[in-house]
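Protein chains in written order, with this note's numbering: chain A, 163 to 415; chain B, 2 to 270.
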């Protein structure tokens, strides 16, 4: 099975995903593919099914139907290998506020089996890239919301994943912190280091994405370039086009 | 056969999970204090008040009359492990609410190993507290014999059982607020309907036959008796089997509960 992405081997291959909670269908037949270096936006209003899709892609939920492969490893049958290629920044912060930044990051590198010497080096480099060297030994609770998010991004990249999953990662951040975080992920994907799926309902964050997937009521309403989204709705702005598509589909689930 | 690299990975993940549990514990000195004060109050106050009331007869494994303090010791060791097991359950719920559990469950290791590490962390914490309490008991005049060393494996097994029980309960406790229910419906019944404070014949003699029968099937009774025998340098095979089976069953149910294909995640979304 492939373990390095190539133009023909996608980083992420999700096929026919369906998920329901009792009678409520959250996702119906969603398929998507990401290739190395791509920044793909997953746009959808609240309740569109974005969070469910993120949970499926990160292995926390199992789809009722369909399959997920990361670097060719099936999430259902080879979960540890698939998860080794995945970095996630969850919507809800997943840092231990009482521990220091470094202790939080070491917890992650240990879970990924990274030797301590390598881990410390990557932590130093990751923090330096985001101007957080001085915060290395500070308790997380002393950090601003923006810096916490940066630490979570550093953490998600420590094991050098090929696929980065960002779930509404800018929720609660001020505009400056939002821009910094968004720019960091764009820079990462443009360097070819990772493919990123950015789930959000904020259109301005993903206007420069390579592709946009609009999700509503558990269905993919559109997949294409940001320009293609505008054109489909008669050349209006991307945000207006997104709102128009969602309005046509009716209220969220 | 596990490859060396996988073994190293497992060892590092074990260090992460157990180290975090110990770190959290050490950052909360009040937790150690309260875990000791609770049994100590029973040990000092209760044993003084009921020293003559209970009049414990010669019962196995004791070969002579024993001081009530000595009778209570295994029950209080069990109490420490019981409270710690439930505290660990609370800690799992807290981690779930704070999002740290997601980090654990998206680590590239089989979920069984990760939950096993959580179990190991909780067990280690119980054992540390039990050993500290034994030292306190010794300071209060309970005879220290080599039986205490022999009791270590029994204490380890009991701590594992109660930690596994806590792990299993954490699947079903959805919010921290539900913990009061755990206290009322799990900790207190398990502790009081057992041989922790009085021998079973006392319950039978008092006519509370249904309590007597409940206490007999209570796995906490088996845990207490396992430690009681071990402290006297003896092995209670039946109690050991019950404790080991309860630990295995609880862990299996916890694994099922945290399995995204079958457990609470799938059912509740």
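Positions of the beta carbon are idealized from the N, C-alpha and C atoms, including for glycine.
Review point. Quick one: does residue 93 of chain B have its CB under 8 Å from some CB of chain A?
Key: no
Check your understanding: Relative to the C-alpha of residue 178 of chain A, which residue among A:219, A:203, A:199, A:265 is closest?
Key -> A:219
**Study point:** Runs of beta strand (DSSP E) wholly within the stretch 227–258 of chain A (minimum 3 residues, chain order)
**Key:** 227–232, 248–251
Exercise for review: Pull up the CB-CB distance for residue 373 of chain A and residue 384 of chain A, whole angstroms please, since I reckon it's below 8 Å.
Suggested key: With a Cβ gap of about 10 Å, residue 373 of chain A and residue 384 of chain A do not count as contacting.
Point to revise | Neighbour-count burial assignment, residue 164 of chain B, 16 or more Cβ in a 10 Å radius | key: buried
Check your understanding: Taking buried to mean at least 16 other C-beta atoms within 10 Å of its own C-beta, is residue 173 of chain A buried or exposed?
Key -> buried
Check your understanding: Which whole-angstrom value is the C-beta distance of residue 433 of chain A and residue 246 of chain A, which I expect to be below 8 Å?
Key -> In the structure as shown, chain A starts at 163 and stops at 415, and residue 433 of chain A therefore has no counterpart that could be examined.
**Study point:** Contact set for residue 159 of chain B: own chain, Cβ-Cβ below 7 Å, skip 5 residues either direction
**Key:** 79, 82, 224, 227, 228, 244
Review point. Of all the CB atoms in chain B, is at least one closer than 8 Å to the CB of residue 274 of chain A?
Key: yes
Practice item. Drop a sphere of 10 angstroms on the beta-carbon of residue 210 of chain B, count the other beta-carbons inside from all chains shown, and report buried for 16 or more, exposed for fewer. Key: exposed
Practice item. Helix, strand or coil for residue 209 of chain B, going by three-state DSSP, please let me know. Key: coil
Check your understanding: Under 8 Å, do residue 302 of chain A and residue 267 of chain A count as touching if we go by C-beta distance?
Key -> no
Check your understanding: What residue ranges within the stretch 353–404 of chain A form continuous beta strand (DSSP E) runs of no fewer than 3 residues, ordered along the chain?
Key -> 357–362, 373–378, 381–386
Review point. If you measure beta-carbon to beta-carbon, which residues of the stretch 203–229 of chain A are closer than 7 Å to chain B?
Key: 220, 221, 222, 223, 224
Check your understanding: Nearest chain A C-beta to residue 227 of chain B closer than 8 Å, yes or no?
Key -> no
Practice item. Could you work out which residue in A:209, A:196, A:198, A:197 is closest to residue 188 of chain A when comparing CA atoms only? Key: A:209
Check your understanding: Beta-carbon separation of residue 213 of chain B and residue 62 of chain B under 8 Å?
Key -> no
Check your understanding: Mind checking if residue 182 of chain B is an interface residue toward chain A, Cβ cutoff 8 Å exclusive?
Key -> no
Practice item. Output the boundary residues of the beta strand (DSSP E) element that contains residue 264 of chain A. Key: From DSSP, residue 264 of chain A is part of no beta strand (DSSP E) but of the alpha helix (DSSP H) over 263–273.
Check your understanding: On the three-state DSSP scale, how would you describe residue 185 of chain A?
Key -> coil
Point to revise | Minimum C-alpha distance to residue 88 of chain B - residue among B:193, B:174, B:148 | key: B:174
Check your understanding: Counting only beta-carbon atoms, is residue 329 of chain A nearer than 8 Å to chain B?
Key -> no
Check your understanding: What does residue 10 of chain B touch in chain A if you count any residue whose Cβ is under 7 Å from its own?
Key -> 275
Practice item. Quick one: list the residues of chain B neighbouring residue 282 of chain A, beta-carbon separation under 8 Å, in chain order. Key: Those do not exist, as residue 282 of chain A stays about 13 Å from chain B at its closest Cβ, beyond 8 Å.
Review point. Is the Cβ of residue 104 of chain B closer than 8 Å to any Cβ of chain A?
Key: yes
Exercise for review: Output the residue ranges of the alpha helix (DSSP H) runs that lie fully inside the stretch 302–350 of chain A and measure 4 residues or longer, sorted by chain position.
Suggested key: 307–319
Review point. Going by the CB atoms, is the gap between residue 396 of chain A and residue 198 of chain A shorter than 8 Å?
Key: no
**Study point:** Residues near residue 367 of chain A in its chain [Cβ-Cβ closer than 8 Å; skip 5 each side]
**Key:** 203, 332, 340, 344, 360
Review point. Identify the residues that DSSP records as bridge partners of residue 132 of chain B: which are they?
Key: None; residue 132 of chain B has no bridge partner.
Review point. Can you list the alpha helix (DSSP H) stretches of 4 or more residues lying completely in the stretch 46–82 of chain B, in chain order?
Key: 48–55
Check your understanding: Would you say residue 39 of chain B reaches chain C, if we count a Cβ-Cβ gap shorter than 8 Å as a contact?
Key -> Any reference to chain C falls outside this structure, whose protein chains are A and B.
Point to revise | Completely contained alpha helix (DSSP H) runs for the stretch 137–220 of chain B, where each covers 4 or more residues | key: 148–173, 180–183, 189–193, 201–206, 210–218
Check your understanding: Of all the options A:264, A:251, A:261, which has the alpha carbon lying nearest to the alpha carbon of residue 103 of chain B?
Key -> A:251
Practice item. Over the uninterrupted beta strand (DSSP E) stretch that includes residue 202 of chain A, give me the two end residues. Key: 201–205
Exercise for review: For residue 257 of chain B, go through chain A and note every residue whose CB falls closer than 8 Å to its CB, in chain order.
Suggested key: What residue 257 of chain B touches in chain A: nothing, since even the nearest Cβ is about 14 Å away.
Point to revise | Straight-line Cα distance separating residue 205 of chain A from residue 403 of chain A | key: 12 Å
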